[in-house]
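Here is the structure we will look at, set down as structure tokens.
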Amino acid sequence: MHSKFADKKNNNNIWGFKNARVDEICEQYPTMFDPKERMKAVREIDGIVTREHLYALGWFLASTRILYWNKFSMPPQFLDKTGDQRSIASLWWYDEEKDRILQDARKKKTRLDPGPQEIRWWDEHYPPSAGE
Numbered sequence: 000m001h002s003k004f005a006d007k008k009n010n011n012n013i014w015g016f017k018n019a020r021v022d023e024i025c026e027q028y029p030t031m032f033d034p035k036e037r038m039k040a041v042r043e044i045d046g047i048v049t050r051e052h053l054y055a056l057g058w059f060l061a062s063t064r065i066l067y068w069n070k071f072s073m074p075p076q077f078l079d080k081t082g083d084q085r086s087i088a089s090l091w092w093y094d095e096e097k098d099r100i101l102q103d104a105r106k107k108k109t110r111l112d113p114g115p116q117e118i119r120w121w122d123e124h125y126p127p128s129a130g131e
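Going left to right, the sequence shown walks through residues 0 to 131 as numbering that gives the first Met the number 0 numbers them.
Structure (structure tokens):
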């Protein structure tokens, strides 16, 4: 993240970020042997970088969002319990009738029923234990 890498390719300063205070911390970091001092330095860099809005911070959502053309049929549970959208290829199948209805609706510019917005089949059929 040092400024000396800002205008060079193939390094971790992919934003071209330049900041004198971050440079100072980066130069001091190799001589910091106290883990608490290192954590403080990294947190300071994180704060500076966050305030510069270089990237959107990642976040986790404990669900899967899927957008698809309604030309497939699927089991009632939609996905497997521990999987995500990658299990679609093994669980869903092409449905000729649904595809015909979809193509007809597209030609006529009519809306189809979007179907359920949330599927909680696993929670309904196998609720978590009281201690979970």
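Positions of the beta carbon are idealized from the N, C-alpha and C atoms, including for glycine.
Spatial neighbours of A5 within its chain, please: C-beta separation below 7 Å, excluding the five flanking residues on both sides. Here residue 5 corresponds to residue number 6 of the sequence shown, with the count starting at 1. Contacts found: N12, G15, F16, K17.
What is the DSSP secondary structure of S72, counted as helix, strand or coil? Residue mapping note: residue 72 aligns to position 73 of the sequence shown, counting from 1. Three-state result, S72: strand.
Count the other C-beta atoms from every protein chain shown that fall within 10 angstroms of the C-beta of I24, then say buried if there are 16 or more, exposed otherwise. Position 25 of the sequence shown holds residue 24. Its Cβ being crowded by 16 or more others within 10 Å, I24 is buried.
Less than 8 Å between the beta carbons of K106 and F71, yes or no? Within the sequence shown, the letter at position 107 stands for residue 106. Within the sequence shown, the letter at position 72 stands for residue 71. No, the Cβ-Cβ distance between K106 and F71 is not below 8 Å.
What are the complete alpha helix (DSSP H) segments, minimum 4 residues, inside the stretch 73 to 112? 87 to 90, 95 to 107
Under a three-way DSSP split, which group does D122 fall into? Residue numbering aside, residue 122 sits at position 123 when the sequence shown is read from its first letter. Secondary structure of D122 (DSSP, three-state): helix.
When the distance is taken between beta carbons, is L90 closer than 8 Å to L78? One-based indexing of the sequence shown puts residue 78 at position 79. One-based indexing of the sequence shown puts residue 90 at position 91. Yes, Cβ-Cβ distance for L78 and L90 is below 8 Å.
Tell me which same chain residues have a C-beta within less than 6 Å of the C-beta of P134, skipping the five on either side of it? Residue 134 is absent from the model: the chain starts at 0 and stops at 131.
Nearest-angstrom Cα distance between D45 and S62? Here residue 45 refers to the residue found at position 46 when the sequence shown is read from its first residue. Here residue 62 refers to the residue found at position 63 when the sequence shown is read from its first residue. Rounded to the nearest angstrom, the two C-alpha atoms are 28 Å apart.
State yes or no: is the C-beta of M38 within less than 8 Å of the C-beta of V21? Mapped onto the sequence shown, residue 38 falls at position 39. Mapped onto the sequence shown, residue 21 falls at position 22. Contact check for M38 against V21 fails: the beta carbons are separated by 8 Å or more.
Using the Cα positions of K108 and Q84, report the straight-line distance between them to the nearest angstrom. Taking the sequence shown and counting its residues from 1, the one referred to as residue 108 is at position 109. Taking the sequence shown and counting its residues from 1, the one referred to as residue 84 is at position 85. Using only the alpha carbons, I get a separation of about 28 Å.
How far does the alpha helix (DSSP H) with G46 in it extend, from its first residue to its last? On the sequence shown, position 47 is the one that residue 46 refers to. It spans 34 to 51 - the alpha helix (DSSP H) in which G46 sits, taken as one unbroken run.
Let me know the secondary structure DSSP gives P127 once reduced to three states. Here the question's residue 127 lines up with position 128 in the sequence shown. Three-state DSSP puts P127 in coil, outside helix and strand.
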